[in-house]
Amino acid sequence: MERSDVEAAALDTLDHKFGDANFRAGQLEAIIPLLEQDRDGADVLSVIATASGKRRKALSVMLVPLKGLGRQHADMMTKAGVPALALSSSSTTAEWARCKMMIIEKALCALFISPEVLCHNPGFVKLLNEHNIAILCFDEAHLYNDWYLWRPTMSMAASLVSAQRRLGLTATMRRRDQQLVVRRTGMSAPIVQRGRFLRSNLLLQVIKRPAALTFGRASLADRLSAATEAKWRIARTLRMAIKARSLQGNTIVYVPSRAQAETVCKQLVQAAKDQKLVAVGAALKFRPYHAGRTDRSEVEQLFLSQRGVVVVATIAFGLGVDCAHVRVIIHFSGARSLAEYAQQVGRGGRDGEDAYCLCFYNPSDSQGIRRSIESAVLTTSTTTALMRKVAERTTERGPTSFLHWADFHRAGIDDDNTDAVLAALCRTGLALAGKRQPARISAMKGSKWTIQPLPALSRFALALWQDRFQAAFASGKLNVAVRCDVRDVCTVPPFLEMGAGGPTVVHDALGDLAAAKLVDIDYSDDYPLVQPLAVLDRQDARAAGRLLSKSMKSAAAQQLAVLDEALDFMEADGCLQRRLCDVFDAPDDLDAAVESCRCGMCEPATIGAGFA
1 MERSDVEAAA LDTLDHKFGD ANFRAGQLEA IIPLLEQDRD GADVLSVIAT
51 ASGKRRKALS VMLVPLKGLG RQHADMMTKA GVPALALSSS STTAEWARCK
101 MMIIEKALCA LFISPEVLCH NPGFVKLLNE HNIAILCFDE AHLYNDWYLW
151 RPTMSMAASL VSAQRRLGLT ATMRRRDQQL VVRRTGMSAP IVQRGRFLRS
201 NLLLQVIKRP AALTFGRASL ADRLSAATEA KWRIARTLRM AIKARSLQGN
251 TIVYVPSRAQ AETVCKQLVQ AAKDQKLVAV GAALKFRPYH AGRTDRSEVE
301 QLFLSQRGVV VVATIAFGLG VDCAHVRVII HFSGARSLAE YAQQVGRGGR
351 DGEDAYCLCF YNPSDSQGIR RSIESAVLTT STTTALMRKV AERTTERGPT
401 SFLHWADFHR AGIDDDNTDA VLAALCRTGL ALAGKRQPAR ISAMKGSKWT
451 IQPLPALSRF ALALWQDRFQ AAFASGKLNV AVRCDVRDVC TVPPFLEMGA
501 GGPTVVHDAL GDLAAAKLVD IDYSDDYPLV QPLAVLDRQD ARAAGRLLSK
551 SMKSAAAQQL AVLDEALDFM EADGCLQRRL CDVFDAPDDL DAAVESCRCG
601 MCEPATIGAG FA
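Just so you know, we're using UniProt numbering here: the sequence shown kicks off at 1 and counts up by one.
Listed below in structure tokens is the structure:
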């Protein structure tokens with residue numbers, strides 16, 4: 001298609017499928033090079049402002065960092081009449097079967113999938129590569145750099161899938177990081193399109209405050225001062241939430257930990273009660289949000305559909321929550337990185353109206369984070385001991401293994417550091433770490449185990465029933481329990497063909513049997529699934545241990561540098577907007593930052609009144 005034809009077709013699709021007459025700035029410029037036929041597979045890296053809107057009949061695949069984000073995108077496309085599906089680690093066997101059938105029948109246009117799903121399902125990757133993917137898209141492309149240290153599976157997934165063209169979409173990326181992202185997403189000399197970084201409707205303010213937490217011994221006066229400051233922050237946050245409600249908007253309060261999300265939310269509720277804000281309190285709805293809560297979907301829906309909602313959240317909240325009426329964003333205890341700060345304030349004012357962004361800052365905020373980073377660095381002897389255990393277990397059980405918590409503990413690794421170790425295993429190419437799953441199962445007869453004929457089951461569920469349960473249950477023994485190791489099940493067909501995805505398929509099959517009431521399942525404890533990417537012997541384990549330790553030291557140094565950069569930014573003087581433009585290499589926005597933007601450094605009186 002020629003450029004004019006691409007533009008006309010894109011505008012027609014926008015109008016008829018999505019009900020919009022015009023693209024936002026930067027969207028059409030990203031679409032045209034992907035679809036022009038005179039370009040031989042042009043890749044595109046599009047860096048345009050948050051809320052600019054960054055999302056043929058061929059199959060396009062988008063890697064999404066959060067499964068909720070994938071569901072949201074798929075629902076939006078489906079409502080627009082575009083056949084779309086989302087797959088994640090929690091997808092059912094029926095959803096997998098439907099997706100595969102639609103791909104084979106060429107009935108699927110858009111697939112939204114998490115990186116880990118691709119890494120642990122080589123059979124599905126083979127299916128995708130056999131069906132000529134038109135575009136492989138990377139949503140939130142900056143995360144392929146920002147999250148690489150703890151989630152290297154994102155880059156691994158990008159390398160598994162072949163596609164005619166690749167498209168990266170993000171709002172915050174420095175020029176110095178472009179080549180890293182290009183390499184980690186597998187792009188080839190992409191056309192880089194950079195839009196405006198500046199959001200002139202964001203009113204930024206940083207308040208340098210006394211330490212709310214004291215470390216080590218502290219005098220009574222210091223403790224009282226810290227308690228007073230913490231109460232002041234809660235009161236200020238409550239006033240801002242009330243202001244957001246008066247503007248028919250919502251508030252996000254970012255905190256560094258799950259525990260603080262729960263605590264600050266309770267303190268805000270109590271503060272509203274203490275002030276006897278009957279009318280306002282009834283209108284304000286306070287909710288905690290973090291990865292450990294099971295009500296995340298309900299909180300997201302409440303935030304999108306109502307006004308006067310205050311969500312106290314970790315970084316888990318925000319990606320995929322496209323809410324136009326966010327009027328206030330508060331960083332309750334600073335920010336861990338400038339990329340994180342820019343992304344989070346960018347969630348305010350997406351309707352073009354003003355949004356107030358306040359960061360309470362003190363250098364002590366980073367002490368807990370710094371200790372956590374430093375404690376995750378393990379000695380060579382520790383990592384070597386762990387790699388020997390990996391080698392032992394994989395030679396016993398084949399290519400798929402589980403590491404028990406005791407294995408980590410014997411190697412001197414506490415529970416807080418297991419995720420860092422698993423990420424380093426993947427980052428160094430030593431092993432692929434999967435989600436935590438039961439390593440052993442025990443099943444009793446279900447209430448319908450004698451039913452004939454059998455209900456409709458997947459081939460995996462039927463194979464598991466016939467191989468493990470049917471004969472044992474028919475033996476005539478009362479209260480018979482069938483116990484098996486998931487690793488043993490994975491060594492026989494049809495699970496053997498699933499490779500590293502075998503344990504997940506086993507658990508899906510068990511779920512099908514339980515749903516049909518053929519079995520009652522009693523799971524063992526969950527263990528991290530580890531698949532070595534090469535066979536290890538004792539000599540290999542020693543070298544692998546050294547490599548693992550070196551990688552963890554390098555990762556810690558990078559994380560500390562990012563943290564120090566954020567601290568320096570909060571400490572410095574000068575226009576916040578202009579300094580953000582400097583950090584994110586947006587020189588064209590510098591003049592506009594001076595002329596049209598407002599921040600607490602440039603206009604403290606005006607912004608202060610807005611925040612009050």
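Idealized CB from N, CA, C, for every residue including glycine.
Between residue i and residue j, what straight-line distance do the alpha-carbon atoms span, to the nearest angstrom?
i           : j       : result
Ser-442     : Ala-406 : 21 Å
Lys-553     : Ala-423 : 13 Å
Leu-268     : Tyr-356 : 19 Å
Gln-539     : Thr-383 : 14 Å
Ile-369     : Ile-315 : 14 Å
Ser-91      : Gln-577 : 42 Å
Ile-191     : His-331 : 35 Å
Asp-512     : Asp-520 : 11 Å
Cys-575     : Ala-439 : 55 Å
Leu-430     : Pro-532 : 6 Å
residue 613 : Lys-448 : Nothing can be reported for residue 613: it is not among the residues displayed for the chain, which extend from 1 to 612.
Arg-410     : Ala-541 : 16 Å
Gly-186     : Ser-159 : 6 Å
Arg-174     : Leu-510 : 47 Å
Go ahead and pull the three-state DSSP assignment for residue i.
i       : result
Ala-313 : strand
Met-444 : strand
Ala-107 : coil
Cys-265 : helix
His-73  : helix
Gln-559 : helix
Lys-389 : helix
His-409 : helix
Tyr-289 : strand
Ile-451 : coil
Gly-429 : coil
Ala-481 : strand
Asp-508 : helix
Leu-422 : helix
Asn-250 : strand
Phe-360 : strand
Ala-355 : strand
Cys-490 : coil
Asp-274 : helix
Gln-260 : helix
Arg-196 : coil
Glu-298 : helix
Asp-537 : coil
What are the residues that DSSP puts in a beta bridge with residue i?
i           : result
residue 618 : Lying outside 1 to 612, the shown extent of the chain, residue 618 is not represented and no answer is given.
Asp-526     : Pro-438
Ala-84      : Ala-110
Pro-532     : Ala-431
Gly-334     : Phe-332
Cys-599     : Leu-204
Asp-520     : Met-444
Val-326     : Asn-250
What's the call for residue i, buried or exposed, on a 16-neighbour Cβ count within 10 Å?
i       : result
Asn-417 : buried
Ala-107 : exposed
Lys-445 : buried
Thr-172 : buried
Ser-162 : exposed
Ile-113 : buried
Thr-228 : exposed
Leu-220 : exposed
Asp-522 : exposed
Glu-300 : buried
Ile-104 : exposed
Ala-259 : exposed
Thr-170 : buried
Asp-573 : exposed
My guess is that residue i and residue j are in contact by the Cβ rule of under 8 Å, so how many angstroms apart are they, rounded?
i       : j       : result
Val-505 : Asp-467 : Rounded, the Cβ-Cβ distance is 14 Å, inconsistent with contact.
Pro-65  : Leu-143 : 5 Å
Val-390 : Leu-403 : 7 Å
Val-82  : Ala-58  : The pair is not a contact, with the Cβ atoms about 12 Å apart (cut-off 8 Å).
Ser-366 : Gly-334 : 7 Å
Leu-302 : Val-321 : Actually they do not touch by this definition, with Cβ atoms about 11 Å apart.
Arg-245 : Gly-308 : 4 Å
Taking 7 Å as the line, does the beta carbon of residue i fall inside it for any heavy atom of the ligand MG?
i       : result
Glu-340 : Although the ligand MG was asked about, the structure shown includes no ligands whatsoever.
Taking 8 Å as the threshold (beta carbon to beta carbon), is residue i in contact with chain D?
i       : result
Pro-532 : The question asks about chain D, but that chain is absent: this structure has only one protein chain.
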